[in-house]
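Report on one structure; see the data block that follows.
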Amino acid sequence: SLTNEFAPLKLSLTAPPSRPALTAAVGGGPSGALPQHGGEGAGAALGRAADKLFSLSGLFAVCKPKGPTSAAVLNLLKERLLAEAGVQTNGNKRNQVLKIGHGGTLDSAATGVLVVGIGKGTKMLGTMLAGSKKYTAIGMLGKATDTLDATGKVTEEKPYDQVTKRDLENVLQKFTGDIMQVPPLYSALKKDGERLSTLMKRGEAVEAKPARPVRVYSLSLQQFQPPLFTLDVECGGGFYVRSLVNDIGKELCTCATVQELTRTKQGPFTLEEHALHEDKWTIDEIARSLEHCTALLPGEPSRKKLKTEHPGETAVICEDK
Numbered sequence: 041s042l043t044n045e046f047a048p049l050k051l052s053l054t055a056p057p058s059r060p061a062l063t064a065a066v067g068g069g070p071s072g073a074l075p076q077h078g079g080e081g082a083g084a085a086l087g088r089a090a091d092k093l094f095s096l097s098g099l100f101a102v103c104k105p106k107g108p109t110s111a112a113v114l115n116l117l118k119e120r121l122l123a124e125a126g127v128q129t130n131g132n133k134r135n136q137v138l139k140i141g142h143g144g145t146l147d148s149a150a151t152g153v154l155v156v157g158i159g160k161g162t163k164m165l166g167t168m169l170a171g172s173k174k175y176t177a178i179g180m181l182g183k184a185t186d187t188l189d190a191t192g193k194v195t196e197e198k199p200y201d202q203v204t205k206r207d208l209e210n211v212l213q214k215f216t217g218d219i220m221q222v223p224p225l226y227s228a229l230k231k232d233g234e235r236l237s238t239l240m241k242r243g244e245a246v247e248a249k250p251a252r253p254v255r256v257y258s259l260s261l262q263q264f265q266p267p268l269f270t271l272d273v274e275c276g277g278g279f280y281v282r283s284l285v286n287d288i289g290k291e292l293c294t295c296a297t298v299q300e301l302t303r304t305k306q307g308p309f310t311l312e313e314h315a316l317h318e319d320k321w322t323i324d325e326i327a328r329s330l331e332h333c334t335a336l337l338p339g340e341p342s343r344k345k346l347k348t349e350h351p352g353e354t355a356v357i358c359e360d361k
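What follows is the structure in structure tokens.
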């Protein structure tokens with residue numbers, strides 16, 4: 041599920057007295073001065089770390105764990121980098137030097153590749169939204185939920201014993217190519233400036249968004265052990281795997297919901313080769329990843345505003361949610 045809004049936040053950062061002040065466009069954090077360190081050696085090391093942090097620029101990928109939102113993962117990454125560099129915010133929001141953002145939201149319950157832009161790399165995040173993505177999804181036949189995944193309340197149960205592997209494979213052909221898809225009610229899409237998911241959680245009535253064109257490059261059944269089935273999906277921007285699994289259930293005269301979802305690729309970034317796990321969220325590891333990933337990307341980003349395939353789908357730069 042890849043929708044979000046663009047909303048940069050900025051914070052000023054203070055440095056040791058011997059160094060000029062640094063500023064950053066990063067999400068919230070406590071106010072306060074940089075802690076004093078016991079000697080010039082420690083201060084110099086922190087100064088070098090801060091210099092290196094603020095010089096980072098480009099795109100890299102992290103592995104989003106299950107549970108937190110994409111924005112929360114981004115904020116945790118940012119906090120770790122600032123802490124490693126010995127930099128704290130002082131509340132001044134006027135200047136901007138360092139930017140960090142992600143190029144497409146993953147559901148809280150989903151895992152996998154989350155592309156992150158740092159420095160000038162934030163200008164390239166729009167290309168990540170419009171590009172192709174690959175997912176592995178485990179669906180469950182016989183149950184439907186209000187969120188279309190395992191985190192929601194069960195809204196319907198139907199028998200599924202009649203569904204065969206061949207039935208499922210035949211149905212998948214209907215969802216390959218250019219198709220029309222209705223986005224989930226629980227999503228980052230907005231109504232009157234508020235997320236549909238936020239309105240739903242408040243108990244407000246929400247009408248489904250109209251069906252919109254999406255593209256499925258490939259769709260295959262990897263495993264079928266009723267009620268569970270595993271799909272590999274490659275799709276374009278604006279596509280919801282939760283809606284796909286829900287629609288597959290309806291086509292099979294039963295219902296279905298997503299149990300697990302993993303993004304295995306986004307643009308040129310793959311889960312196995314490029315996504316940094318939490319133990320590698322350090323300045324040096326990110327610097328190495330940026331260097332390694334440079335060859336995967338096109339040339340310098342255009343200064344023009346990046347457009348995506350769907351108007352509700354834009355990059356988010358370090359927004360606390």
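Going by the numbering used here, the letters in the sequence shown line up with residues 41 to 361, in that order.
We put the CB at the ideal spot given by N, CA and C, even for glycine.
Since this is a predicted model, take the numbers as computed values, not measurements.
Exercise. Quick one: complete beta strand (DSSP E) runs, 3+ long, within the segment 254–316?
Worked result: Qualifying beta strand (DSSP E) stretches, in chain order: 268–275 and 296–306.
Problem set entry | Contact belief for residue 125 with residue 90 at Cβ below 8 angstroms, rounded distance in angstroms | Contact annotation, residue 125 with residue 90: C-beta distance approximately 4 angstroms; criterion of less than 8 angstroms satisfied.
Exercise. What's the call for residue 214, buried or exposed, on a 16-neighbour Cβ count within 10 Å?
Worked result: By the 16-neighbour rule on beta-carbons within 10 angstroms, residue 214 is exposed.
For this session: Could you tell me if residue 155 is buried or exposed, where buried requires 16 or more neighbouring beta carbons within 10 angstroms of its beta carbon?
Result: It counts as buried.
Problem set entry | Local conformation of residue 108 per DSSP, three classes | Looking at residue 108 - three-state DSSP - the assignment turns out to be coil, as it is neither helix nor strand.
For this session: Please classify residue 276: is it buried, with 16 or more other beta-carbons within 10 angstroms of its beta-carbon, or exposed?
Result: Using a 10 angstroms sphere on the CB of residue 276, the tally of other CB atoms reaches 16 or more, which defines it as buried.
Exercise. What is the rounded straight-line gap between the Cα of residue 320 and the Cα of residue 164?
Worked result: Roughly 23 angstroms between the two C-alpha positions.
Problem set entry | Enclosing alpha helix (DSSP H) for residue 207 [first to last residue] | Element bounds for residue 207: 205–212.
Exercise. Which residues in the same chain as residue 25 place their Cβ atom closer than 6 angstroms to its Cβ, once the five residues preceding and following it in sequence are excluded?
Worked result: An answer regarding residue 25 cannot be provided, because it is not within the stretch 41 to 361 covered by the chain.
For this session: Would you list the residues sitting across from residue 155 in a DSSP beta bridge?
Result: DSSP links residue 155 through a beta bridge to 101.
Exercise. Which partner residues does residue 220 have in the DSSP bridge list?
Worked result: Secondary-structure assignment with DSSP links residue 220 through a beta bridge to 253.
For this session: Using 10 angstroms around the beta-carbon of residue 185, count the other beta-carbons present and answer buried if the total reaches 16, otherwise exposed.
Result: Label assigned to residue 185: buried.
Exercise. Would DSSP call residue 71 helix, strand or coil?
Worked result: With a pLDDT of 32 at residue 71, under the threshold of 50, the predicted position of this residue should be treated as unreliable, though the coordinate-derived value follows. Here residue 71 sits in strand by DSSP.
Problem set entry | Element boundaries [alpha helix (DSSP H), containing residue 330] | Unbroken alpha helix (DSSP H) run through residue 330: 323–333.
Problem set entry | Closest residue to residue 147 among 128, 96, 161 and 112 (Cα-Cα distance) | Ranking the options by Cα distance to residue 147, first place goes to 112.
Problem set entry | residue 194 - partner residues in DSSP beta bridges | In the DSSP output, where bridge partners are listed per residue, residue 194 has 185.
Problem set entry | Local Cβ density within 10 Å of residue 189, reported as buried at 16 or more and exposed below that | Residue burial is scored here from C-beta neighbours: residue 189 has at least 16 other C-beta atoms within 10 angstroms and is therefore classed as buried.
Exercise. Roughly how many angstroms lie between the CA atoms of residue 310 and residue 175, to the nearest whole one?
Worked result: Straight through space, the alpha carbons of residue 175 and residue 310 are spaced by roughly 11 angstroms.
Exercise. Taking just the CA atoms, how far does residue 292 sit from residue 36?
Worked result: Look at the range of the chain in this structure, 41 to 361, and you will see that residue 36 is not part of it.
Exercise. So who's on the other strand from residue 176, going by DSSP bridges?
Worked result: 272 and 302, per the DSSP bridge assignment.
Problem set entry | Nearest-angstrom Cα separation, counted from residue 195 out to residue 208 | Rounded to whole angstroms, the gap between the alpha carbons of residue 208 and residue 195 is 22 angstroms.
Problem set entry | residue 169: first and last residue of the uninterrupted alpha helix (DSSP H) it sits in | Note, residue 169: alpha helix (DSSP H), 165–170.
Exercise. What's the C-alpha gap between residue 158 and residue 142?
Worked result: Using only the alpha carbons, I get a separation of about 9 angstroms.
For this session: Please state if the CB of residue 261 and the CB of residue 268 are separated by a distance shorter than 8 angstroms.
Result: No; because the gap between Cβ atoms is not below 8 angstroms, this pair is not in contact.
For this session: Starting from the C-beta of residue 327, find all residues in its chain whose C-beta is less than 7 angstroms away, skip the five residues before and the five after it, and write them out in chain order.
Result: Only 92 and 96 meet the Cβ criterion.
Problem set entry | Contact set for residue 259: own chain, Cβ-Cβ below 7 angstroms, skip 5 residues either direction | By the criterion of a C-beta distance shorter than 7 angstroms, residue 259 is surrounded in its chain by 212, 215, 216, 271 and 273, once the five residues flanking it on both sides are discounted.
Exercise. Taking DSSP as the reference, what is the three-state secondary structure of residue 144?
Worked result: DSSP places residue 144 outside both helix and strand once states are collapsed to three, so it counts as coil.
Exercise. Taking residue 192 as the reference, which of 307, 226, 153 and 323 has the closest Cα?
Worked result: Residue 226 holds the alpha-carbon nearest to the alpha-carbon of residue 192 among 307, 226, 153 and 323.
Problem set entry | Euclidean distance between Cα positions of residue 177 and residue 299 | Looking at the backbone, the Cα of residue 177 and that of residue 299 are separated by about 8 angstroms.
Problem set entry | 6 angstroms CB neighbourhood of residue 307 in its chain, flanking five on each side removed | These residues qualify, in order along the chain: 168 and 171.
Problem set entry | Backbone secondary structure at residue 337 - three-state DSSP | For residue 337, the three-state secondary structure derived from DSSP is coil.
Exercise. Could you give the distance in angstroms between the alpha-carbon of residue 255 and the alpha-carbon of residue 84?
Worked result: Between residue 255 and residue 84, the C-alpha separation is close to 52 angstroms.
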